[in-house]
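Worksheet: one structure, shown below.
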Amino acid sequence: MEDVNAIHRIFKNLKYEMDNNGWVYQWHLGDEPIKVTHKFYPPVSSEEFQLFEKYFPNMKLPASYKAFLSCSNGMELFCGEEGSSLVSCTIYSLKEALNQKEFWNNTPILSDPEFTYHLPILCLQDIGDITMDLQAVSEGREDYLCYPAPDTDRFNLPFNEWLERYIVCQGHEFWFFLNP
């Protein structure tokens with residue numbers, strides 16, 4: 001269920017953790033934990049919302065994703081130490097999501113009509129883009145987050161739950177934990 005308050009709680013907790021330490025530990029199976037950080041950005045501007053509405057007329061964003069953008073217009077989760085290129089998850093700013101959509105439109109396999117209303121909202125290291133099916137959002141469905149193409153598997157949970165589980169599982173693929 002879309003929970004706007006969950007997004008605010010997630011930000012409050014992440015910022016508290018970062019303010020107190022400046023870093024967090026990310027655990028890896030069979031390896032030593034590493035120090036990582038999270039990067040936040042200013043909230044989305046009304047101009048960027050207007051760009052979205054122009055690009056996708058008659059489509060809406062889910063409430064929890066809009067709440068996320070109102071806290072941070074994009075985010076980097078589980079970034080390696082200074083000088084490292086490790087970023088487990090990059091959540092695109094709304095403008096970057098639209099730029100990624102343009103790239104998809106010019107890529108033969110991704111320009112398929114099946115992806116017309118898919119907006120790439122984040123990129124997972126070594127995995128690829130997670131998209132938001134805006135048609136599913138408009139239909140009131142909670143399975144609007146889709147695993148990287150071309151499979152188009154769906155997560156049966158809203159953005160706020162996906163984000164919280166990803167953080168709790170320290171940037172690891174939580175969706176495989178019970179079904180390896």
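In this text, residue positions in the sequence shown follow full-length UniProt numbering: the first is 1, and each later residue adds one. Every residue, glycine too, gets a C-beta built ideally from N, C-alpha and C. Fair warning: this is a prediction, and the values are worked out from it, not measured in the lab.
What residue range is occupied by the uninterrupted beta strand (DSSP E) comprising K39?
-> Counting from one through the sequence shown, the residue named residue 39 turns up at place 39. Unbroken beta strand (DSSP E) run through K39: I34 to F40.
When you compare only the Cα positions, how much space is there between E139 and N21?
-> Taking the first residue of the sequence shown as position 1, residue 139 is located at position 139. Taking the first residue of the sequence shown as position 1, residue 21 is located at position 21. If I take the Cα positions, the gap works out to 42 Å.
Out of I34, Y16, T116 and Y55, state which residue places its alpha-carbon closest to the alpha-carbon of E96.
-> Translated into the one-based positions of the sequence shown, residue 96 becomes position 96. Among I34, Y16, T116 and Y55, the Cα nearest to that of E96 is on Y55.
Pick from V168, W175 and F174 that is closest to R9, judged by C-alpha positions = Here residue 9 refers to the residue found at position 9 when the sequence shown is read from its first residue. Considering only alpha carbons, the answer is V168.
Look at the Cβ atom of R165, then the Cβ atom of F159, and state whether they are nearer than 7 Å.
-> For the purposes of this step, residue 165 is taken as the residue at position 165 of the sequence shown. For the purposes of this step, residue 159 is taken as the residue at position 159 of the sequence shown. No.
Length-filtered (4 minimum) alpha helix (DSSP H) runs lying within the UniProt domain "Knr4/Smi1-like" (43–165) | 46–55, 63–71, 94–105 and 134–138
Check whether the Cβ atoms of A63 and E161 lie closer than 7 Å to each other.
-> As a first step, residue 63 is located in the sequence shown; it is residue number 63 there, counting from the start. As a first step, residue 161 is located in the sequence shown; it is residue number 161 there, counting from the start. Taking 7 Å as the Cβ cut-off, A63 and E161 do not qualify as a contacting pair.
Measuring alpha carbon to alpha carbon, tell me which of F155, K66, N156 and H118 ends up nearest K101.
-> In the sequence shown, the residue the question calls residue 101 occupies position 101. The shortest C-alpha separation from K101 is found at H118.
Three CB pairs or more closer than 8 Å across the stretch 128–142 and the stretch 39–53 | no
Based on Cα-Cα distance, which residue from Y147, G171, C146 and E142 lies nearest to L157?
-> On the sequence shown, residue 157 is found 157 positions in, with the first residue counted as 1. Per the Cα distances, E142.
Given G128 as reference, the closest of V24, V87, L61 and I34 once Cα atoms are compared | Position 128 of the sequence shown, counted from the start, is the residue given in the question as residue 128. The candidate whose alpha carbon is nearest that of G128 is V87.
Span of the alpha helix (DSSP H) around E2 | Stepping through the sequence shown from its first residue, residue 2 is reached at position 2. Run containing E2: none; DSSP gives neither H nor E here.
Is it right to say W27 is buried, meaning 16 or more other beta carbons lie within 10 angstroms of its own, or is it exposed?
-> Taking the sequence shown and counting its residues from 1, the one referred to as residue 27 is at position 27. So W27 counts as exposed.
Is the distance from the Cβ of E48 to the Cβ of L14 below 7 Å?
-> Taking the sequence shown and counting its residues from 1, one reaches residue 48 at position 48. Taking the sequence shown and counting its residues from 1, one reaches residue 14 at position 14. No, the Cβ-Cβ distance between E48 and L14 is not below 7 Å.
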